[in-house]
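Residue numbers (our numbering), protein chains in the order written: chain A, 1 to 389; chain U, 1001 to 1266. C-beta atoms are modelled at their ideal positions from N, C-alpha and C, and glycine is treated no differently.
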């Protein structure tokens, strides 16, 4: 009897010890328990070969399967503009078309030549930029970088902000947040999706923006012919290889300092340059309008060259309709100004002076950045049915 | 129970100690250490760099401005007379400095440095040959420094971008970029590469590190010296870009030996 008592006491002490250790060693930053019924599934971005590991995912909008599912519906749903039919005249996808790398493209039946305008008919100030690989953009959005993480105004800092800006802008959806929110709240199916994604069935514009931003962050293009070449899966043609050498050499076309290459597979620095298009600058929305630095007059974001074949017209004002025109410009028609970027070191000769064959080779290489899988990926396409269908 | 209790108490104490012990408490007989940090600054003619202003004249008489400077230093080494040199962070010692990014102007080095007297300090300007491998940086801003594989691969040691008033009186861009150079055959084909990284030493900079001290150094790049000693570097001769001009990069590398000043600031 005595030995049984000792044994029982021993077990009690051991159990107490385990509880003590668990309590005493528990980290103070363990996450708070989730609200009842709110159990979103974390979504992990699969980082492609050679791509950056640092992602632009805000702490207050972690990627979840439920969040991006909701975001995909909203991205394609015209009711986000405060109208009553899913195919009403404007959703994000009205202009951001998957077949054109989530850009308008030059072949749009309504936005002729790639020049977009809002439901009011007011044109957008600049031509569009594609929605692709933005999960690696830490620097800024729009041609002038107005939306950036260092903007003193917290309303203009990230992809989430671009979404609500698009909803209310007169040159885009021209809605108001109350109207948009009310329509989505009253659409069967959506409140349940908001509940799954954010823990509340109350629709808010903030959560609409978060969901769409999550979907946008999944729009990753990393399977072009060039990517396959870098992975050792295919070989480039002689012309494409020659174009790549021109792309990455100062004495060639010298594209790589601003537009990347294998070492920077984003094919952009997401930085801003005056690339020698003009000598007089009167655009009220150039980079200078953001920084106030006179040296930034006429400077704009270097766009990614991935899928550039799909995203004509080119430059902030869409002045070039074809890649051939762009290469011709950089080769022979650069314009000097005091603001010309120091990387434009061929300016004294008016350009890189490529021969006809070199221009053809350069374009052949640039077309290896076409990612056909991306523009046809069913995970990015319009859902077959909306939540209320 | 009375017999069992002391044993249980010992078990509890051992378990608690082993599971919650901090690393710093693991040993009482480690040698005393301190730390160092580096502050980077950029001067022209003895004064803080003023960017984007055509106000400087180099030794060749070129009027010029500086727009930005981005560069790596690596293999930071503290030298001791007993030969037991300290290589900072071994294979992780490559530091990126960017005049546009204030966060890169300070390098708080986490290494525990043995306390004691040191004779001098040195580093490699750029990235040493064995470490300068393509694709080792995937994140910006370091990844933006890549040097194309066709030209030798790895990374730029430095991008020093500016403009000069050229002989035709046009303010022309120059990209004074250093990295791996190319050896060409008579047909202009690349047949080899030259690693242009170089060692920068401060043999007269003796210092001592006390236990728990953080010793601050200031490393100053004197930009005008890239263009003057021992070789006169004339932008009108070398033009706006030199990544494919080993002769120009060689001159730049040889001028780099005394571009930097270093001092102990605390």
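In DSSP terms, what residue i is bridged to
{"i": "residue 1041 of chain U", "result": "U:1220"}
{"i": "residue 1192 of chain U", "result": "U:1183"}
{"i": "residue 1114 of chain U", "result": "U:1033"}
{"i": "residue 261 of chain A", "result": "A:264"}
{"i": "residue 1215 of chain U", "result": "U:1036"}
{"i": "residue 1173 of chain U", "result": "U:1163"}
{"i": "residue 1263 of chain U", "result": "U:1218"}
{"i": "residue 1047 of chain U", "result": "U:1044"}
{"i": "residue 1199 of chain U", "result": "U:1124"}
{"i": "residue 1068 of chain U", "result": "U:1161"}
{"i": "residue 1095 of chain U", "result": "U:1073"}
{"i": "residue 177 of chain A", "result": "Answer is none; residue 177 of chain A lacks a bridge partner."}
{"i": "residue 347 of chain A", "result": "Partner(s): none; residue 347 of chain A has no beta bridge."}
{"i": "residue 1238 of chain U", "result": "BP columns for residue 1238 of chain U are empty, so no partner."}
{"i": "residue 251 of chain A", "result": "In DSSP, residue 251 of chain A forms no bridge with anything."}
{"i": "residue 1087 of chain U", "result": "U:1077"}
{"i": "residue 1208 of chain U", "result": "U:1117"}
{"i": "residue 117 of chain A", "result": "A:123"}
Residues of its chain near residue i, where Cβ-Cβ distance is below 6 Å and the 5 sequence neighbours each way are ignored
{"i": "residue 1206 of chain U", "result": "1119"}
{"i": "residue 1235 of chain U", "result": "1062, 1164, 1174"}
{"i": "residue 160 of chain A", "result": "209, 210, 213"}
{"i": "residue 69 of chain A", "result": "none"}
{"i": "residue 1156 of chain U", "result": "1145, 1147, 1177, 1179"}
{"i": "residue 1266 of chain U", "result": "1216"}
{"i": "residue 1242 of chain U", "result": "1248, 1249"}
{"i": "residue 1228 of chain U", "result": "1059"}
{"i": "residue 189 of chain A", "result": "387, 388"}
8 Å Cβ cut-off: residues of chain A touching residue i
{"i": "residue 1151 of chain U", "result": "248, 249"}
{"i": "residue 1138 of chain U", "result": "50, 51, 52, 53"}
{"i": "residue 1143 of chain U", "result": "52, 263, 264"}
Neighbourhood of residue i by C-beta, 7 Å cutoff - its chain only, sequence neighbours within 5 removed
{"i": "residue 1100 of chain U", "result": "1068"}
{"i": "residue 175 of chain A", "result": "81, 82, 167, 168"}
{"i": "residue 242 of chain A", "result": "361"}
{"i": "residue 326 of chain A", "result": "314, 320"}
{"i": "residue 1133 of chain U", "result": "1154"}
{"i": "residue 179 of chain A", "result": "82"}
{"i": "residue 1128 of chain U", "result": "1074, 1075, 1197"}
{"i": "residue 1022 of chain U", "result": "Low confidence applies here, because residue 1022 of chain U scores a pLDDT of 46, under 50, leaving its location unreliable; read the following figure in that light. If we look at residue 1022 of chain U and ignore the five residues flanking it on each side, it has no Cβ neighbours."}
{"i": "residue 392 of chain A", "result": "Outside the shown range of chain A, which is 1 to 389, sits residue 392 of chain A, and nothing can be said about it."}
Proximal chain A residues relative to residue i, where beta-carbon distance stays under 7 Å
{"i": "residue 1227 of chain U", "result": "Near residue 1227 of chain U there are no residues of chain A at all, since even the closest Cβ is about 16 Å away, more than 7 Å."}
{"i": "residue 1067 of chain U", "result": "342"}
{"i": "residue 1148 of chain U", "result": "248, 249, 256, 261"}
{"i": "residue 1134 of chain U", "result": "263"}
Same chain, Cβ closer than 8 Å to residue i, five either side skipped, listed in chain order
{"i": "residue 1226 of chain U", "result": "1160, 1176, 1233, 1252, 1255, 1256, 1259"}
{"i": "residue 294 of chain A", "result": "288, 339"}
{"i": "residue 1080 of chain U", "result": "1086, 1116, 1117, 1118, 1119"}
{"i": "residue 56 of chain A", "result": "134, 135, 136, 137, 138, 158, 159, 217"}
{"i": "residue 228 of chain A", "result": "234"}
{"i": "residue 27 of chain A", "result": "Note on residue 27 of chain A: pLDDT 46, under 50, position unreliable in the model; no value is reported."}
{"i": "residue 1048 of chain U", "result": "1041, 1042"}
Cross-chain neighbours of residue i in chain A, by beta carbon under 9 Å
{"i": "residue 1125 of chain U", "result": "Residues of chain A passing the Cβ test: none, with the nearest at roughly 20 Å."}
Under 7 Å by beta carbon: chain U residues contacting residue i
{"i": "residue 295 of chain A", "result": "1052"}
Proximity test, residue i beta-carbon vs the ligand NAP heavy atom, cut-off 7 Å
{"i": "residue 40 of chain A", "result": "The ligand NAP is not part of the structure shown, which contains no ligands of any sort."}
### Query
Is there contact here, the segment 344-353 of chain A with the segment 303-311 of chain A, by at least three beta-carbon pairs under 8 Å?
Counting Cβ pairs under 8 Å, fewer than three are found: no touch.
#### Entry: Positions along the segment 1231-1248 of chain U whose CB lies within less than 7 Å of some CB in chain A
Taking 7 Å as the Cβ-Cβ cut-off against chain A, the residues of the segment 1231-1248 of chain U that qualify are 1240, 1241, 1243, 1244.
### Message
Under 9 Å, CB to CB, which of the residues in the segment 1158-1185 of chain U have a partner in chain A?
### Response
Taken in chain order, the members of the segment 1158-1185 of chain U whose beta-carbon sits within less than 9 Å of a beta-carbon on chain A are 1159, 1161, 1162, 1163, 1166, 1168, 1170, 1171, 1172, 1173, 1174, 1175, 1177.
### Task
Below 7 Å between beta carbons is the criterion; list the residues of the segment 234-245 of chain A that meet it against any residue of chain U, in chain order.
Under the 7 Å Cβ criterion, the segment 234-245 of chain A contributes 245.
### Query
For the segment 329-359 of chain A, which residues have a beta carbon sitting closer than 9 Å to at least one beta carbon of chain U?
Answer in chain order: 336, 338, 340, 341, 342, 343, 344, 345, 346, 347, 348.
### Task
Take every Cβ of the segment 1189-1204 of chain U, pair it with every Cβ of the segment 1166-1176 of chain U, and state whether three or more of those distances are shorter than 8 Å.
Counting C-beta pairs closer than 8 Å gives fewer than three between the segment 1189-1204 of chain U and the segment 1166-1176 of chain U, which falls short of the contact rule.
### Query
Taking Cβ-Cβ distances below 9 Å as the criterion, which residues of the segment 297-314 of chain A are in contact with chain U?
Taking 9 Å as the Cβ-Cβ cut-off against chain U, none of the residues of the segment 297-314 of chain A qualify.
### Task
Using a Cβ-Cβ cut-off of less than 9 Å, give me the residues of the segment 265-291 of chain A that come near chain U, in sequence order.
For the segment 265-291 of chain A, the set of positions with a beta-carbon nearer than 9 Å to some beta-carbon of chain U reads 265, 266, 269, 270, 271 in chain order.
### Task
Would you check if the segment 1211-1219 of chain U and the segment 1035-1045 of chain U touch, i.e. whether three or more CB-CB distances between them fall below 8 Å?
At 8 Å Cβ cutoff, the stretches touch.
### Task
Check whether the segment 140-153 of chain A touches the segment 87-107 of chain A, taking contact to mean three or more Cβ pairs, one atom from each stretch, closer than 8 Å.
Between the segment 140-153 of chain A and the segment 87-107 of chain A there are fewer than three inter-stretch CB-CB distances shorter than 8 Å, so the stretches are not counted as touching.
### Message
Measuring CB atoms only, is the segment 229-240 of chain A touching the segment 184-201 of chain A, in the sense that at least three cross pairs come out at less than 8 Å?
### Response
No, they do not touch.
### Query
Mind listing which residues of the segment 1032-1056 of chain U have their C-beta closer than 7 Å to chain A's C-betas, in chain order?
Taking 7 Å as the Cβ-Cβ cut-off against chain A, the residues of the segment 1032-1056 of chain U that qualify are 1052.
### Task
Count the CB pairs spanning the segment 258-270 of chain A and the segment 310-325 of chain A that are closer than 8 Å, and state whether there are at least three.
Output reads no: the segment 310-325 of chain A does not touch the segment 258-270 of chain A.
### Query
Per the contact definition of three or more C-beta pairs closer than 8 Å, is the segment 362-371 of chain A in contact with the segment 243-254 of chain A?
In this structure the segment 243-254 of chain A touches the segment 362-371 of chain A; the number of beta carbon pairs closer than 8 Å is three or more.
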